[in-house]
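Novice:
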Amino acid sequence: VAVRDGAILAAGSAAEVAAAHPDLPETDLGAAILMPGLVDAHCHLEWSLTGGLVPPGPFAPWVAGLLGLRGRMTAEDHRVAAAYGARRCLAAGTTMLADSGPTGAGARAMAEAGLRGAVHLEAFGAPEGAEADAAAAALAERIAALDAEAGPRVAIGVSPHAPYTVGPGLWAALAARPDLADRPWASHLAESPAESRLLDSGDGPLAELFARMGFTPGRWPGPDGAGPATRLAAAGALRRGLVVAHAVQLDAGDPALLAEAGVAVAHCPVSNAYLRTGRAPLAALRADGVIVALGTDSPGSGGTYDLRAEARAAALVHADAPEGPPSAQELVRMATLGGAEALGLEGAIGSLEPGKRADLLVLRPDPGGAGGDPHLAALDPAAAVDAVLVDGEPLLWRGEPVRGGDERLDARAREVRARLC
Ligand SMILES: [Zn+2]
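Numbering (my numbering), first residue to last: 95 to 515.
(1) Say whether the region 161-170 touches the region 221-237, bearing in mind that this needs 3 or more beta-carbon pairs closer than 8 angstroms, one atom from each stretch.
(2) What are the boundary residues of the alpha helix (DSSP H) that includes Ala185?
(3) Check the C-beta distance from Asp391 over to Ala434 and give it rounded, since I have them as a contact under 8 angstroms.
(4) Give me the Cα-Cα distance between Val357 and Ala280, rounded to the nearest whole angstrom.
(5) In or out: Ala217 buried (at least 16 other Cβ within 10 Å) or exposed?
(6) Under 8 angstroms: do the region 414-425 and the region 441-455 share three or more Cβ pairs, one atom per stretch?
(7) I want to check one thing, is the minimum distance from the CB of Ala358 to the heavy atoms of ligand 1 below 7 angstroms?
(8) Is Leu388 helix, strand or coil by DSSP?
(9) Name the DSSP beta bridge partners of Ile102, please?
(10) Considering only DSSP beta bridges, list what Ile250 is partnered with.
(11) In three-state DSSP terms, what is Asp294?
(12) Buried or exposed for Thr121, please, with buried defined as at least 16 other CB atoms from any protein chain shown within 10 angstroms of its CB.
(13) Of the choices Leu103, Val148, Trp265, whose alpha-carbon is the least far from that of Ala256?
(14) Can you confirm whether the region 369-376 touches the region 316-324 when touching is taken to mean that 3 or more C-beta pairs between the two stretches lie within less than 8 angstroms?
(15) Go through the region 415-463 residue by residue and report every complete run of the alpha helix (DSSP H) that reaches 4 residues or more, in order.
(16) Are there 16 or more other CB atoms within 10 angstroms of the CB of Ser107, so buried, or fewer, so exposed?
(17) Per DSSP, what kind of secondary structure is Trp314 in: helix, strand or coil?
(18) Given this structure, state the Cα-to-Cα distance separating Ala177 from Arg511, to the nearest angstrom.
(19) So the alpha helix (DSSP H) Asp500 belongs to, where does it begin and stop?
(20) Under the DSSP definition of a beta bridge, which residues are partnered with Asp348?
(21) Beta-carbon separation of Leu483 and Asp453 under 8 angstroms?
(22) Could you check if His172 belongs to the surroundings of ligand 1, using beta carbon to heavy atom distance under 7 angstroms?
(23) Compute every distance between the C-beta of His412 and the non-hydrogen atoms of ligand 1, then say whether any falls below 7 angstroms.
(24) Hey, out of Glu235, Leu336, Val174, Gly159, whose CA is closest to Arg506's CA?
(25) Tell whether a beta-carbon distance below 8 angstroms holds between Leu233 and Leu215.
(26) Is Met428 buried or exposed, if buried means 16 or more other CB atoms sit within 10 Å of its CB?
(27) Taking 7 angstroms as the cut-off, does the CB of Ser142 come closer than this to any heavy atom belonging to ligand 1?
(28) Using the C-alpha atoms, what's the distance from Gly441 back to His136?
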């Protein structure tokens, strides 16, 4: 790959590229896999220190457990967790990630780590009318304030958290704001059976949890039995560029609805297994033309910020699907260009093509895993992350972080974690 001013000038065989650009200094990476940086289409940096603290199991008790941990975290804890999470993403070979969180601490975390990213500030609540407009205005103000922390590689977006936590009034009020229209949008959709039940009949474990908390859940009109995606589509809440995480509990016609609306899906197989939500209809989504990317969600639901681990999990989860599992090549694509497409950045990142940004991942393949299918070799857990570059800037080199401050961050992360345990 030939790189100048952070952009890819050429990609091809080493001899050809070197011959075409004799003016550029040369770095020989040796026996390596050089590929586009990984694009994590859905994760939560602010929950980086919650791994294993809420046991695997059904969705509603897990939500209660995570909210309990959140109640014990200070604003500074969120900042420490986000910084720690960003460093784990970098160590796993991610160059671009979509973070969702309640405080937006990911903005500074990613800017300091040098990562490319989008931070989706989460909205919660089911107000209607003027109250919904006021809540949307307040969120827009917080989003605008985060712009100052974001730096040139990070965009600040909006996330109505999920249909069961955000009602149609607030969702519509957010969508109606011109200052939020062109920002990245993300949500959680059709994740658990408890979500479908709450939206459909207003009862069940999530409804009971929210009643105990005194929180008014979102309710979306629709015919009896209609799933969350069908209800959002009917309300006009699906918008082009929206990235929804999970999309497990889909009605038969939902993939087509999502495709038509221009909604992309972040598939999170590890989280879905952890929370017993079921298997996303990956083949149906892709067959209907939905852009499907991969997301690591958070350590709170079993994720490791390692998109290659998520790809391997997808291969296992879909191993006995009627259409067969996605191939290693398809999974690598989902983890790179698929993520870029989901986030609307396919013109800038996601593949090694002239004109795109030089967001690069260098893997050091295990001798036992190299020499065959290069995509399989790239997904081999024994292939170590050797270097990560964003805009051609090395952020990780020979396995070591280039930007400093790591030891102090470790100590602070340990301290927050000890308090949460
Ligand atoms: Zn999530």
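Even for Gly, the Cβ is constructed at its ideal location relative to N, Cα and C.
Specialist: To lay it out plainly:
(1) The region 161-170 makes no contact with the region 221-237, as fewer than three CB pairs between them are under 8 angstroms.
(2) Position 91 of the sequence shown holds residue 185. First-last of the alpha helix (DSSP H) with Ala185: 169-185.
(3) Locating residue 391 in the sequence shown gives position 297, where the first residue counts as 1. Locating residue 434 in the sequence shown gives position 340, where the first residue counts as 1. Not a contact, Cβ separation roughly 19 angstroms.
(4) Stepping through the sequence shown from its first residue, residue 357 is reached at position 263. Stepping through the sequence shown from its first residue, residue 280 is reached at position 186. Roughly 10 angstroms between the two C-alpha positions.
(5) In the sequence shown, the residue the question calls residue 217 occupies position 123. Classification for Ala217: buried.
(6) For the pair of segments examined, the region 414-425 was found not to touch the region 441-455: the number of CB pairs separated by less than 8 angstroms stays below three.
(7) For this step, residue 358 is matched to residue 264 along the sequence shown. Checking every heavy atom of ligand 1 against the Cβ of Ala358, none is found closer than 7 angstroms.
(8) Residue 388 sits at position 294 when you count from the first residue of the sequence shown. Strand.
(9) Start at 1 with the first residue of the sequence shown, and residue 102 comes out as number 8. DSSP, once it has assigned bridges, lists Val97 as partnering Ile102.
(10) If you number the sequence shown from 1, residue 250 lands on position 156. Partner(s): Val213.
(11) Counting from one through the sequence shown, the residue named residue 294 turns up at place 200. Helix.
(12) Indexing the sequence shown from 1 puts residue 121 at position 27. Thr121 is exposed by the Cβ-count criterion.
(13) Locating residue 256 in the sequence shown gives position 162, where the first residue counts as 1. Residue Trp265 is the option with its Cα nearest to Ala256.
(14) No contact exists between the region 316-324 and the region 369-376.
(15) Fully enclosed alpha helix (DSSP H) runs of 4 or longer: 422-427, 433-436.
(16) As a position in the sequence shown, residue 107 is number 13, starting the count at 1. By the neighbour-count definition (other C-beta atoms within 10 Å, threshold 16), Ser107 is an exposed residue.
(17) Within the sequence shown, the letter at position 220 stands for residue 314. Trp314 carries a coil assignment under DSSP once its states are collapsed to helix, strand and coil.
(18) Here residue 177 refers to the residue found at position 83 when the sequence shown is read from its first residue. Here residue 511 refers to the residue found at position 417 when the sequence shown is read from its first residue. Using only the alpha carbons, I get a separation of about 13 angstroms.
(19) Against the sequence shown, residue 500 aligns to sequence position 406. It spans 500-514 - the alpha helix (DSSP H) in which Asp500 sits, taken as one unbroken run.
(20) Taking the first residue of the sequence shown as position 1, residue 348 is located at position 254. Beta-bridge pairing links Asp348 to no other residue.
(21) As a working note, residue 483 is residue 389 in the sequence shown. As a working note, residue 453 is residue 359 in the sequence shown. In contact: Leu483 and Asp453 (Cβ atoms closer than 8 angstroms).
(22) Numbered from 1 along the sequence shown, position 78 holds the residue referred to as residue 172. Checking the Cβ of His172 against ligand 1 gives no.
(23) In the sequence shown, the residue the question calls residue 412 occupies position 318. In this structure, ligand 1 has no non-hydrogen atom nearer than 7 angstroms to the beta-carbon of His412.
(24) The residue labelled residue 506 in the question sits at position 412 within the sequence shown. It is Val174 whose Cα lies nearest to the Cα of Arg506.
(25) Position 139 of the sequence shown holds residue 233. Position 121 of the sequence shown holds residue 215. For the pair Leu233 and Leu215, the CB atoms are nearer than the 8 angstroms cut-off.
(26) In the sequence shown, residue 428 corresponds to position 334, counting from 1. The Cβ neighbour count for Met428, taken over all protein chains shown within 10 Å, is at least 16; the residue is labelled buried.
(27) For the purposes of this step, residue 142 is taken as the residue at position 48 of the sequence shown. It does not: the Cβ of Ser142 is nowhere closer than 7 angstroms to a heavy atom of ligand 1.
(28) Walking along the sequence shown from the start, residue 136 turns up at place 42. Walking along the sequence shown from the start, residue 441 turns up at place 347. CA-CA distance, His136 to Gly441, rounds to 20 angstroms.
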